[in-house]
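So the sequence lines, in the order shown, correspond to chains A and B. Start counting the first sequence at 129; every next residue gets the next number (the working numbering). Start counting the second sequence at 26; every next residue gets the next number (the working numbering). Ideal Cβ placement from N, Cα and C applies to all residues, glycine included. Just so you know, these numbers come straight off a predicted model, no measurement behind them.
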Amino acid sequence: MDSRARRTVLAQGSLLAMLAACGLLTASQVHAAEAAGFDAKTLDDALKALGGQAADSKDVVITSPDIAENGAVVPVAVTSKLPKTQQIVVLVEKNPNPMTALFTIPEGTEPYVSTRVKMGQSTNVVAVVKADGRLYAASKETKVTLGGCGG
Amino acid sequence: MADPMRIRAQQKDDTTDVRVLMAHPMETGLRKDAAGKTIPALFISDVKATCGGRPVLSAKWGQAISQNPFLQFRFKGAKIGDKVTVTWTDNSGDTRTDETVIA
């Protein structure tokens, strides 16, 4: 792969999927990048694995309780108002592995997901949205009264 | 074979709202049992949902999704009577597919 293609890949994570389809980047390399994100032990490393800097955006809306009674089951929903939303990623900042979920949104599917996550302690829930090849993020602090990792 | 998922797909105007409740222990691999041995990680790592063969959502999960995962999402382009199929695969290779009809 020449250096220009390499720089483009690093700058725009969504190209990974396209390049994989073109055979320039193998599917296993895309999976490796995503797997690296899930293995990351800090929020920064997880964000790096996703493709770098995410701009703060009010168009990424996190719905989660201000105070969660039970850290083992914290409802989190993410809505993206950004056009061409391709992926929604949910991270829990102070969890042992912050990257919690990566949703791929095909065309025709609303940029909205709702699920329940485990939070080990009070921390920020971070949502990263990949829209039209760029990353946008929002974060919301959720306090936890009883930690959710079984400890 | 794992317990079945409960899937509900409701049509509201042109949007299908899907709610899924999966049965799975979602072990983080961080807990210890009474004897002090670490309980190995066992969690759903991949989820795929399709409607009429068309992918409508795919997800990769880490071990911090809660036990008995809940998932809700919405998509357009389907109608009452169409089938929504959801498949999960966990990190041990176990898998489960269930489907429902949009009502």
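Contacts around residue i, its chain only, beta-carbon distance under 8 Å, and the 5 residues preceding and following it disregarded
| i | result |
| --- | --- |
| Gln92(B) | His49, Pro50, Met51 |
| Trp86(B) | Phe68, Ile69, Ser70, Asp71, Val72, Pro94 |
| Ile64(B) | Glu52, Gly54, Arg56, Lys57, Asp58 |
| Glu197(A) | Thr273, Leu274 |
Nearest residue (CA-CA) to residue i, options the options
| i | options | result |
| --- | --- | --- |
| Ala182(A) | Thr273(A), Ser267(A), Val256(A) | Val256(A) |
| Thr40(B) | Val81(B), Asp107(B), Asn116(B), Arg99(B) | Arg99(B) |
| Ile195(A) | Ile216(A), Val253(A), Phe166(A) | Val253(A) |
| Arg96(B) | Ala27(B), Asp28(B), Val43(B) | With the sequence shown as reference, residue 96(B) is identified as Leu, and Arg is not the correct amino acid for it. Of the listed residues, the one whose Cα sits closest to Leu96(B) is Val43(B). |
| Ala128(B) | Pro80(B), Lys104(B), Gln88(B) | Lys104(B) |
| Pro224(A) | Thr122(B), Ser117(B), Val111(B), Ala89(B) | Ala89(B) |
| Arg101(B) | Thr207(A), Glu235(A), Ala163(A), Arg262(A) | This sequence places Lys at residue 101(B); Arg is not what is there. Closest option to Lys101(B), Cα to Cα, is Glu235(A). |
| Ser83(B) | Val217(A), Arg244(A), Leu263(A), Ser185(A) | Val217(A) |
| Thr125(B) | Asp28(B), Val45(B), Gly118(B) | Val45(B) |
| Ala168(A) | Thr207(A), Lys222(A), Val189(A), Val206(A) | Lys222(A) |
| Gly261(A) | Glu197(A), Leu210(A), Val189(A) | Leu210(A) |
| Val206(A) | Gly180(A), Glu197(A), Leu230(A) | Leu230(A) |
| Pro226(A) | Phe166(A), Glu197(A), Asp184(A), Gly180(A) | Phe166(A) |
Alpha-carbon spacing of residue i relative to residue j, whole angstroms
| i | j | result |
| --- | --- | --- |
| Ile233(A) | Val220(A) | 20 Å |
| Lys62(B) | Asp115(B) | 22 Å |
| Lys212(A) | Thr191(A) | 21 Å |
| Glu238(A) | Gln214(A) | 10 Å |
| Leu55(B) | Gly106(B) | 43 Å |
| Ala259(A) | Val111(B) | 25 Å |
| Lys108(B) | Asp123(B) | 10 Å |
| Thr228(A) | Thr243(A) | 11 Å |
| Arg121(B) | Ala27(B) | 7 Å |
| Val81(B) | Tyr240(A) | 12 Å |
| Pro193(A) | Ile32(B) | 25 Å |
| Lys186(A) | Gly118(B) | 38 Å |
| Ala161(A) | Gly179(A) | 9 Å |
| Gly151(A) | Ala60(B) | Residue confidence for Gly151(A) is low, a pLDDT of 47 falling below 50, so the modelled location carries little weight; the figure read from the coordinates is stated next. About 49 Å. |
| Ala149(A) | Asp184(A) | Interpretation of Ala149(A) is limited by its pLDDT of 47, a score under 50 that renders its predicted location unreliable; the figure taken from the coordinates is listed afterwards. So the alpha carbons of these two residues sit roughly 30 Å apart. |
Beta-carbon proximity list for residue i, same chain, < 7 Å, skipping 5 on both sides
| i | result |
| --- | --- |
| Met47(B) | Met30, Ile69, Asn93, Pro94, Trp113 |
| Ala66(B) | Glu52, Thr53, Gly54, Gln88, Asn116 |
Cutoff 6 Å; reference residue i; Cβ partners in own chain excluding five residues on either side
| i | result |
| --- | --- |
| Ala164(A) | Ala177 |
| Val188(A) | Ser208, Ala255, Val257, Tyr264, Ala266 |
Scan the stretch 229-240 of chain A for residues whose Cβ lies nearer than 8 Å to a Cβ of chain B and list them as they occur along the chain.
-> Hits within the stretch, in order: Ala229, Leu230, Phe231, Thr232, Ile233, Pro234, Gly236, Thr237, Glu238, Tyr240.
Assess, as a yes-or-no matter, whether the stretch 199-206 of chain A is touched by the stretch 165-176 of chain A under the definition of 3 or more beta carbon pairs within less than 8 Å.
-> No, the stretch 165-176 of chain A is not in contact with the stretch 199-206 of chain A.
Are the stretch 267-274 of chain A and the stretch 64-81 of chain B touching by the rule of at least three beta carbon pairs closer than 8 Å?
-> Using a C-beta cut-off of 8 Å, the stretch 267-274 of chain A makes no contact with the stretch 64-81 of chain B, since fewer than three inter-stretch Cβ pairs fall below that distance.
Any chance the stretch 26-39 of chain B sits against the stretch 247-264 of chain A, with 3 or more Cβ pairs inside 8 Å?
-> Inter-segment contact for the stretch 26-39 of chain B and the stretch 247-264 of chain A is absent: fewer than three beta-carbon pairs are separated by less than 8 Å.
Pull out every residue of the stretch 28-42 of chain B whose Cβ sits closer than 8 Å to any Cβ of chain A, in chain order.
-> Cβ contacts with chain A come from Thr40.
Please name the residues in the stretch 79-100 of chain B whose beta-carbon is closer than 9 Å to at least one beta-carbon of chain A, in chain order.
-> Interface annotation for the stretch 79-100 of chain B against chain A: Arg79, Pro80, Val81, Leu82, Ser83, Ala84, Lys85, Trp86, Gly87, Gln88, Ala89, Ile90, Ser91, Gln92, Asn93, Pro94, Phe95, Leu96, Gln97, Phe98, Arg99, Phe100, criterion Cβ-Cβ distance under 9 Å.
Could you please tell me which residues of the stretch 250-271 of chain A, in chain order, have their CB closer than 9 Å to any CB of chain B?
-> Answer set for the stretch 250-271 of chain A: empty.
Proximal residues, the stretch 50-81 of chain B versus chain A, C-beta separation under 7 Å = Taking 7 Å as the Cβ-Cβ cut-off against chain A, the residues of the stretch 50-81 of chain B that qualify are Thr53, Leu55, Arg56, Pro80, Val81.
Chain B contacts from the stretch 200-212 of chain A (Cβ-Cβ distance under 7 Å) = Correct list: Ala200, Val201.
For the stretch 158-185 of chain A, which residues have a CB atom closer than 7 Å to at least one CB atom of chain B, in sequence order?
-> Considering only beta carbons, the part of the stretch 158-185 of chain A lying closer than 7 Å to chain B consists of Glu162, Phe166, in chain order.
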